[in-house]
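Numbering (this note's numbering), first residue to last: 1 to 730.
Have a look at the structure below before the remarks.
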Amino acid sequence: MGGAPSTPRNDGGDAPTEYLIATFVGEKSFPLASDFWNKLLELPLSSRWPSDRVHQACELFAQNNGYTRHLAKLLIHLSWCLHELLTPSGVQSSVYKKAVNATYISSVFLKHLIESCKSESLEELHLSLDESEPVPQGFVMDQNIENFVMHGVLSFIGSTDVSPNSYLLHQELLNFMLVAMSTQLLSGPLPGPRDVNPFIDAAMAQEKSLVCLVVKRLLLNYILRPRIPPNAKSNLYSDGDPPGVLERVGSAAATFVLLPLNYLVNSSGEGSKNPLVEGGLHVLLILINYHKCITTDESTTDKSDDSANSDSVSKAHAFFSDNPYSKALANARDIEFDRTDVEGNAHTGPLVRIPFASLYDTLGTCLADESAVLLLYSILQGNSDFLEYVLVRTDMDTVLMPILEALYNTSRRTSANQIYMMLIVLLMLSQDSSFNASIHKIILPSIPWYKEHLLHQISLGSLMVIILIRTVQYNLSKLRDVYLHTTCLATLANMAPHAHHLSAYASQRLVSLFYMLSRKYNKLSDLIDDKLQSNRGSSAGQDGVSEDLAAELQIYTDFLRIVLETLNAILTYALPRNPEVVYAVMHRQEVFQPFKNHPHFHELVENIYTVLDFFNSRMDAQRLESSDREWSVQKVLQFIINNCRSWRGEGMKMFTQLHFSYEQESHPEEFFIPYVWRLAFSRCGFSFNPGTISLFPVEHQAEKQIDNNGESEGHEKEQDSSSRRIVFDP
């Protein structure tokens with residue numbers, strides 16, 4: 001075979017391309033200063049190779065790269081091209097072409113090497129030059145190559161606007177970032193000190209000013225959503241070169257057509273419509289959620305012990321390094337408002353300044369996409385300025401309506417993790433009393449996507465109550481997840497004292513929710529009683545079954561108390577403003593009767609009966625005075641409205657208001673790192689070898705859909721992973 005592999009020719013013939021690619025993957029090592037690199041990077045890349053030839057080229061490259069160090073040299077040339085593009089002397093289209101080709105070829109072969117790595121240290125990448133390697137003047141021989149290339153990539157992304165001339169290169173660099181950071185896929189679900197991620201660690205080591213530029217540019221790209229203009233493809237190849245694959249296809253997302261092994265075009269979702277925006281968002285989410293695990297116990301990092309693994313490292317001896325990208329996002333400020341104007345103390349150092357209004361509006365149009373929900377959560381959770389900005393917006397329906405619609409459609413196309421993130425966003429917002437008050441002031445003329453009931457002129461707050469209760473009902477029948485219940489009920493409890501003119505339908509659903517949970521509670525209680533009767537003198541295993549039932553009964557006891565406290569909060573603090581709630585309680589008052597003397601609920605039910613006694617006694621008195629024996633719904637409601645004016649709350653017991661807050665766990669990366677990569681894995685446009693992925697179960701990586709007959713297995717397992725990371729402080 002010699003220095004170059006033998007490969008069959010194309011029908012159209014492309015000898016220079018085939019020869020140079022074959023030489024690149026072959027046995028001969030070319031020094032950095034060789035003219036070979038210019039010839040390779042100036043190729044039009046017009047070949048279309050079948051997958052078997054691609055695999056052959058990648059395998060040969062993996063065999064020979066340890067000697068040739070061609071990956072390291074190609075990455076150095078990529079860095080040089082990007083540096084030349086950033087110089088103020090002006091750029092040429094030929095330099096752009098070389099940078100695109102260098103990025104693309106690096107991505108293809110780096111991806112194969114990462115997938116083929118057998119050692120935990122990723123030695124197969126050979127990210128260094130041989131000591132005998134002749135290097136050009138001015139090049140530092142012992143510099144860190146991954147840091148060198150990541151500095152160049154991030155500098156270009158952060159410093160260069162997306163334009164017709166730079167669009168293709170921006171897209172290829174984002175693809176390269178995803179490939180380079182995919183070393184995380186090789187690690188287990190729990191980050192450990194032995195995980196090796198050279199390119200992500202290099203990204204974390206960049207100076208703060210560059211980090212801020214990158215975060216700002218990725219957010220601005222997400223806001224502006226630049227699309228490739230029709231004439232952009234001709235701008236890159238405008239010097240008389242023959243048409244290459246980039247020009248023919250006209251999209252950087254399709255450049256993998258040259259080497260199509262493992263390349264799959266994603267045809268669903270918003271990502272396929274704007275790959276640059278989608279790729280940039282995934283890169284940002286991966287960067288802000290990365291935390292390097294560092295151990296203070298040297299014995300746990302002894303690689304000579306083959307039995308050791310990251311799972312065996314005690315958290316007591318490990319800590320996670322700071323993440324500069326997460327900090328940059330947390331410190332982002334509104335470009336139209338400087339906090340020093342109010343507080344008088346300027347923030348030292350570089351800051352990410354973005355238009356909060358534009359980001360808010362963009363998120364409002366994209367929240368049907370799971371990645372957008374995760375971005376919204378990340379900013380609300382980490383950035384108090386943006387949270388405050390969202391809470392003072394008068395058009396809360398901009399972000400709430402797409403979330404509520406997606407929750408309404410959970411039975412058809414929403415993943416379990418997406419449900420969680422949307423519910424957590426609602427819980428975080430409901431922690432603010434002004435939010436709870438303002439959502440009842442926004443009146444929606446109609447809700448066309450809500451099919452079960454005609455909703456006209458309903459408040460946003462009432463719709464939110466309806467959707468949360470509907471989500472609980474769906475969870476009871478399909479998902480049966482305790483945390484989902486708790487999140488929904490906690491949000492309802494936060495909203496309750498501020499309810500204002502809750503609609504008739506929302507009020508009915510609230511009472512029906514209590515009835516539904518009470519039926520489940522009663523069934524469990526009866527079942528436990530039966531078990532206790534039948535298990536007297538039985539084995540310990542049967543006693544264990546009763547213990548499980550007792551634990552489930554305690555869960556439903558807590559659920560019922562939250563619902564009763566929610567009703568109590570409305571009746572105690574907002575009764576005159578909610579006659580429909582009073583009507584719903586009166587209409588279904590029999591559902592509270594079994595709990596009137598219940599030891600766990602009687603003090604809460606007493607308040608409900610104080611309200612019932614007040615209105616029932618006045619209704620009985622008015623019926624005696626009236627000749628009408630049958631009262632219409634309208635007449636009963638008008639009676640309630642009239643008597644609400646004389647309600648003084650006498651006899652009501654005052655309970656401490658429930659207030660639930662969301663608190664992120666101490667190790668959120670255990671959930672978010674696999675979650676983000678599942679999204680990127682399913683939408684990035686190219687696939688990874690499933691056999692090499694240890695970060696998450698591959699069979700559950702996709703955005704699992706719920707079919708019309710019930711819940712898929714993958715959906716349930718996604719929930720299990722996320723249920724560990726929510727903490728409530730009532």
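A virtual CB, placed ideally from N, CA and C, is assigned to each residue, including glycine.
Buried versus exposed call for residue 113 [16 or more other C-beta atoms within 10 Å across all chains shown]: On the sequence shown, residue 113 is found 113 positions in, with the first residue counted as 1. By the Cβ-count criterion, residue 113 is buried, with 16 or more other Cβ atoms from all chains shown falling within 10 Å of its own Cβ.
Collapsed DSSP secondary structure at residue 333 in the structure displayed: To locate residue 333, count along the sequence shown from 1; it is residue 333. Correct three-state label for residue 333: strand.
Own chain, CB closer than 6 Å to residue 37, minus 5 neighbours either side, in chain order: Within the sequence shown, residue 37 is the residue found at index 37, counting from 1. Cβ neighbours of residue 37 beyond the five flanking positions: 77.
Residue burial classification, residue 691 (beta-carbon count within 10 angstroms, cutoff 16): Counted from its first residue, the sequence shown places residue 691 at position 691. The C-beta of residue 691 has fewer than 16 other C-beta atoms within 10 Å across all chains shown, which makes the residue exposed.
Close Cβ partners of residue 675 (< 7 Å) along its chain, the five nearest in sequence each way excluded: Along the sequence shown, read from residue 1 onward, the residue named residue 675 stands at position 675. By the criterion of a C-beta distance shorter than 7 Å, residue 675 is surrounded in its chain by 417, once the five residues flanking it on both sides are discounted.
CA-to-CA distance, residue 292 to residue 525, given in whole angstroms: If you number the sequence shown from 1, residue 525 lands on position 525. If you number the sequence shown from 1, residue 292 lands on position 292. Between residue 525 and residue 292, the alpha-carbon positions lie close to 48 Å from each other.
7 Å Cβ cutoff met for residue 557 and residue 598: What you label residue 557 is simply residue 557 of the sequence shown in a count that begins at 1. What you label residue 598 is simply residue 598 of the sequence shown in a count that begins at 1. No, the Cβ-Cβ distance between residue 557 and residue 598 is not below 7 Å.
Under the three-state DSSP convention, the category residue 17 falls into: To locate residue 17, count along the sequence shown from 1; it is residue 17. It is helical.
Rounded Cβ spacing between residue 574 and residue 500 (contact assumed at less than 8 Å): Position 574 of the sequence shown holds residue 574. Position 500 of the sequence shown holds residue 500. A Cβ-Cβ distance of about 7 Å is found for the pair residue 574 and residue 500, placing them in contact under the 8 Å criterion.
Residue 686 versus 275, 207, 369, residue with shortest Cα-Cα distance: Sequence index remark: in the sequence shown, residue 686 carries index 686 (1-based). Of the listed residues, the one whose Cα sits closest to residue 686 is 275.
DSSP three-state assignment for residue 673, whether helix, strand or coil: Taking the sequence shown and counting its residues from 1, the one referred to as residue 673 is at position 673. Three-state result, residue 673: helix.
DSSP-derived helix/strand/coil call for residue 519: For the purposes of this step, residue 519 is taken as the residue at position 519 of the sequence shown. Helix, per DSSP.
Exposure label - residue 646; buried when at least 16 CB within 10 Å: Within the sequence shown, the letter at position 646 stands for residue 646. With fewer than 16 other Cβ atoms within 10 Å, it is exposed.
Inter-residue Cα distance where the pair is residue 121 and residue 74: Reading the sequence shown from its first residue, position 121 is the one you call residue 121. Reading the sequence shown from its first residue, position 74 is the one you call residue 74. It is roughly 21 Å from the alpha-carbon of residue 121 to the alpha-carbon of residue 74.
Residues of its chain near residue 160, where Cβ-Cβ distance is below 7 Å and the 5 sequence neighbours each way are ignored: On the sequence shown, position 160 is the one that residue 160 refers to. The answer, listed in chain order, is 166.
Enclosing beta strand (DSSP E) for residue 663 [first to last residue]: Along the sequence shown, one-based indexing puts residue 663 at 663. That run of the beta strand (DSSP E) goes 662-664.
Boundaries (first-last residue) of the beta strand (DSSP E) holding residue 459: Residue numbering aside, residue 459 sits at position 459 when the sequence shown is read from its first letter. Start and end: 456-459.
Helix, strand or coil at residue 688 according to DSSP, with G and I counted as helix: Along the sequence shown, one-based indexing puts residue 688 at 688. Under the three-state reduction of DSSP output, residue 688 falls in the coil class, being neither helix nor strand.
Spatial neighbours of residue 335 in its chain, beta-carbon cut-off 7 Å, leaving aside the 5 residues before and after: If you number the sequence shown from 1, residue 335 lands on position 335. Counting only Cβ-Cβ distances below 7 Å, and skipping sequence neighbours, we find 353, 354, 355.
Every unbroken beta strand (DSSP E) inside the stretch 474-499 [3 residues or more]: Listed in chain order, there is nothing to give.
Cβ-based neighbour list, residue 731, same chain, cut-off 7 Å, excluding 5 preceding and 5 following: This structure gives no information on residue 731, because the portion of the chain shown stretches from 1 to 730.
Cβ contact (3+ pairs, closer than 8 Å) linking the stretch 149-160 and the stretch 659-674: They do not touch, by the three-pair rule.
DSSP-derived helix/strand/coil call for residue 191: What you label residue 191 is simply residue 191 of the sequence shown in a count that begins at 1. Three-state result, residue 191: coil.
From 373, 398, 459, 410, residue whose alpha carbon lies closest to that of residue 422: As a position in the sequence shown, residue 422 is number 422, starting the count at 1. Of 373, 398, 459, 410, the residue nearest in Cα terms is 373.
Any 3 or more C-beta pairs closer than 8 Å across the stretch 463-471 and the stretch 628-640: Contact fails: fewer than three Cβ-Cβ distances are below 8 Å.
Selection from 225, 178, 367 that minimises the alpha carbon distance to residue 284: By 1-based counting over the sequence shown, the position of residue 284 is 284. Here the closest residue by C-alpha is 178.
Selected residue, minimal CA-CA separation from residue 648, among 610, 437, 460, 139: Counting from one through the sequence shown, the residue named residue 648 turns up at place 648. Answer by Cα proximity: 610.
Own chain partners of residue 492 with C-beta closer than 7 Å, once the 5 adjacent residues on each side are dropped: Position 492 of the sequence shown, counted from the first residue, corresponds to residue 492. These residues qualify, in order along the chain: 465, 468, 566.
Beta-carbon spacing of residue 328, residue 215 below 7 Å: Here residue 328 refers to the residue found at position 328 of the sequence shown. Here residue 215 refers to the residue found at position 215 of the sequence shown. Result yes, Cβ atoms of residue 328 and residue 215 sit closer than 7 Å.
Close-in-space but distant-in-sequence residues of the same chain around residue 95 (CB under 8 Å, 5 per side omitted): Residue 95 sits at position 95 when you count from the first residue of the sequence shown. Within the same chain, residue 95 has close Cβ partners 81, 84, 85.
Per-residue burial, residue 103 [other beta carbons within 10 Å of its own, 16 or more giving buried]: Sequence index remark: in the sequence shown, residue 103 carries index 103 (1-based). By the 16-neighbour rule on beta-carbons within 10 angstroms, residue 103 is buried.
Unbroken alpha helix (DSSP H) run spanning residue 446, endpoints: Taking the first residue of the sequence shown as position 1, residue 446 is located at position 446. Counting along the chain, residue 446 falls outside any alpha helix (DSSP H), though it belongs to the beta strand (DSSP E) covering 443-446.
Residues bridged to residue 354 [DSSP beta-bridge criterion]: Residue 354 sits at position 354 when you count from the first residue of the sequence shown. According to DSSP, which records beta bridges pairwise, residue 354 is partnered with 334.
Candidates 35, 33, 44, 53, of which the one nearest residue 25 by Cα: Here residue 25 refers to the residue found at position 25 of the sequence shown. Checked all of 35, 33, 44, 53; the closest Cα to residue 25 is 53.
N-terminal and C-terminal residue of the beta strand (DSSP E) that residue 295 is part of: For the purposes of this step, residue 295 is taken as the residue at position 295 of the sequence shown. Per DSSP, residue 295 is one residue of the beta strand (DSSP E) stretching across 293-295.
Of the residues 220, 105, 60, the one placed nearest residue 42, counting alpha carbons only: The count along the sequence shown starts at 1 and reaches residue 42 at position 42. Nearest of 220, 105, 60 to residue 42, Cα basis: 105.
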